[in-house]
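Residue 21 in full-length UniProt numbering sits at position 21 of the sequence shown, with consecutive numbering throughout. Heads up, the beta-carbon is just placed ideally off N, CA and C, and yes, glycines get one too. Step one of this worksheet: look at the structure below.
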Amino acid sequence: MQSKKWWQNSVIYQIYPKSFKDTNHDGIGDINGVIEKLDYLKELGIDVIWLNPVFCSPMDDNGYDISDYMDIAPEYGTMNDMDRLIAEAKKREISIIMDLVLNHTSDEHPWFIESRKSKDNKKRDWYIWRDPKTDGSAPNNWRSKFGGSAWEYDERSGQYYLHVFSKKQPDLNWDNPEVREALYEMIHFWLKKGIAGFRLDAITFIKKSDMMDDFPSDSSDGLSPVDIGTLNQPGLLEHLHELKKKAFNQDIFTVAEAPGVLARDLPDYVGDNGVFDMLFEFGHVDIDLDKDGKWYKPLDRPLSGLKKVISESQEVINQIGWSPLYIENHDLPRSINHFLGQHVDGPIPAKLLATFYMLLKGTPFIYQGQELGMTNVNFPSIEYYNDIASIGQYKQAVEEGYSEEEALKTIWRRSRDNGRTPMHWDNGNNAGFSEHEPWLSINPNYQTINVQNNLTDSNSVFHYYRQLIQLRKNNEVLLHGSYDNLMPDDKDLWTYTRSLGNEKIIVILNFSDKTVPLHLPSPININETPLLIGNYSAENNEPMETNLLRPFEARVFQLKSEN
Ligand code: GLC
Ligand code: CA
């Protein structure tokens, strides 16, 4: 078993700065806004902030297209503000981890500006350039993650460059040692500022296949998902081990966004011989997508699938490594709608989801607004959307014959903007986010779902999250105990235990919107055992019946040791 680390009993809060809090009234959240709200985060009880990118960027993909890694985007503030944020957070015993985007830069980064000047430029080989096919078309038929060809033609030099994401995000050539050294230098620059670690963006894409052939198309556009030649390719781990050795050679914490890693390969990535401390898995959040990730072909997502995916991952974590626990981030819809349905809302279901994932084995991440029970937004037309991926998916859906109305419905369900609408601070103008019209429209339900209401109501989702955080901190079994899924085949209930030595805690979750009977496998007996936490408070409902679970009810018990 690996030794215990500080980040294992931490709770991490993710901030999407553009939508968190605007202090200079331009409609865009900023670093000073994060500083202003540090006391709020302290009250919630978190230990670490993961800050989405705040570096200089033309904002084609909201900061994931970086034009200067070592400076702050003017709309977010200055390097002085950033230094102040690190210091102010530290005063409150909160540390900061930053987003590290190593797969690509912006096409406006000086490296790329040089690279595209000519075929013999010294930085030409820093990116991935290829000749056209003999008929002048793109080198192959790979489709970028945001739709359309993954190749962009450059008139001046007569070659194409590769972009896994948008055409304003050219991919770096990791096989070039100069590129790697330049990136390591940048990482050390940030570590010297006293940040505690990094979230690594799209890291399993950095190594490209040597084979640049066409692949069979999956759609009428003749293209094929770029993943086939760019995701999790042979040679990737060599690059990652060098990164670990040269850039992560101090006591920092790393969590990697690593799509494409299979459970059986986890020991290469996490644990004592792995590269990172944790790895974001996608199985549970992609449960409603087909294998190509097309949002406009959503699948059913029964509880059984979710339970299976999470349980498999928890069983690996029982043996090796550690897991980041998350149900929302800036790329996902709001969890309440994602996992429970487009029409579900309210504190009870929000608390059910909180109970379910915060008590699993791993380090919980809370995405801004999740602690209030924020929901998806249904903007009236595609013009309201900002997210480059939503716009790409909408276009592709319409091209494939969906009506605009149908296409829009899938955007309501899956758009990344669902999680990016501005944070609701109060029920005043623009939800207290800004005095200026915000860069993205506000969800109209801010009148009821907001921080102010959550703070005053002791039964709120916010206070429930606070309690869960405390419960984790006070119970070693919730940190290090092993996970057991008790009734894998139950269609409505998810019941799991966490056990360590003689201690055992049972988590009982009704994922259905109906009252259902509660049967537990013998010899488990919850009568006369203390309820540690539950999402129905005495006030908002009739007294608890031991053998019935109300809609979306969650109960957590400490079991007596003979169980
Ligand atoms: C990651 C980020 C996402 C971004 C993409 C390209 O998936 O989470 O927001 O669009 O990488 O950098
Ligand atoms: Ca601002």
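Query: Using the three-state DSSP reduction, which class does S499 fall into: helix, strand or coil?; Result: strand
Query: Using only CA atoms, which one of L531, M59 and G197 lies nearest to T546?; Result: L531
Query: Would you call the region 42–50 and the region 112–129 touching, i.e. three or more CB-CB distances under 8 Å?; Result: no
Query: Mark K291 as exposed unless 16 or more other C-beta atoms lie within 10 angstroms of its C-beta, in which case mark it buried.; Result: exposed
Query: For M79, count neighbouring C-beta atoms within 10 Å of its own C-beta (all shown protein chains included) and say buried if the count is 16 or more, exposed if not.; Result: exposed
Query: Less than 8 Å between the C-beta atoms of P523 and L548, yes or no?; Result: no
Query: In three-state terms, what does DSSP make of S335?; Result: helix
Query: Anyone know if the C-beta pair for P438 and G27 falls short of 8 Å?; Result: yes
Query: Which residues in the same chain as T245 place their Cβ atom closer than 6 Å to its Cβ, once the five residues preceding and following it in sequence are excluded?; Result: A small fix is needed here, since residue 245 is Lys in this sequence, not Thr. Within the same chain, K245 has no close Cβ partners at all.
Query: Looking at the strands, I want to know which residues DSSP matches up with Y153.; Result: Y160
Query: Grab the span of the alpha helix (DSSP H) containing W50 for me, first residue to last.; Result: No alpha helix (DSSP H) contains W50, which is instead part of the beta strand (DSSP E) from V48 to L51.
Query: In the DSSP assignment, find the beta strand (DSSP E) that holds P364 and state where it starts and stops.; Result: T363 to Y367
Query: Apart from the five residues on each side of it in sequence, which residues of its chain come closer than 7 Å, Cβ to Cβ, to P53?; Result: G63, Y64, I66, D99 and V101
Query: Assuming V556 contacts L359 (C-beta within less than 8 Å), just tell me the rounded distance between them.; Result: 7 Å
Query: Cβ of A431 within 8 Å of Cβ of N418?; Result: no
Query: At a cut-off of 7 Å, is G29 close to ligand 2 when judged by its beta-carbon and the heavy atoms of the ligand?; Result: yes
Query: Who are the near neighbours of N563 in its chain, counting only those whose CB is closer than 8 Å to its CB and skipping five residues on each side?; Result: A caution first: N563 carries a pLDDT of 47, below 50, which makes its placement in the model unreliable, though a value can still be read off. Excluding positions up to five away in sequence, the list reads K504, P523, I524 and N525.
Query: Which whole-angstrom value is the C-beta distance of I86 and G197, which I expect to be below 8 Å?; Result: Between G197 and I86 the Cβ distance is about 13 Å, and since that is not below 8 Å, they are no contact.
Query: Does Q14 come out as helix, strand or coil in the three-state DSSP assignment?; Result: strand
Query: Does the beta-carbon of D22, which I'm using as the reference point, lie nearer than 7 Å to any heavy atom of ligand 2?; Result: yes
Query: Would L559 and F356 qualify as a contact pair, given that the criterion is a beta-carbon distance under 8 Å?; Result: no
Query: What does the alpha-carbon distance come out to for the pair Q233 and Y16?; Result: 30 Å
Query: When every heavy atom of ligand 1 is checked, does at least one fall within less than 7 Å of the C-beta of H463?; Result: no
Query: Would N140 pass as a contact of D81 if the rule is Cβ separation under 8 Å?; Result: no
Query: Which residues share a DSSP beta bridge with K351?; Result: Bridge partners of K351: none, in fact.
Query: Please name the residue or residues paired with E238 in a DSSP beta bridge.; Result: Looking at the DSSP assignment, E238 forms no beta bridge with any residue, so it has no partner.
Query: Would you mind working out which of I388, D387, E108 and S381 sits nearest S403, comparing C-alpha positions?; Result: S381
Query: Is there a Cβ from chain B that is less than 8 Å from the Cβ of K395?; Result: In summary, chain B is missing from the structure at hand, where a single protein chain is found.
Query: Bridge partners of M278, per DSSP?; Result: V255
Query: Am I right that R180 and E242 are in contact with their C-beta atoms under 8 Å? What's the rounded C-beta distance?; Result: 7 Å
Query: Using 7 Å as the cut-off, classify the Cβ of D171 as near or not near the heavy atoms of ligand 1, replying yes or no.; Result: no
Query: Compare the C-alpha of D47 against each of I310, K294 and A89 and name the closest.; Result: A89
Query: Is any non-hydrogen atom of ligand 2 found closer than 7 Å to the C-beta of D26, if you look at the structure I gave you?; Result: yes
Query: Which residues end up in the neighbourhood of ligand 1 when you take C-beta atoms closer than 5 Å to any of its heavy atoms?; Result: D61, Y64, F165, D201, A202 and D331
Query: What's the call for T448, buried or exposed, on a 16-neighbour Cβ count within 10 Å?; Result: exposed
Query: Under the rule that 16 or more other beta-carbon atoms within 10 Å means buried, what is R413, buried or exposed?; Result: buried
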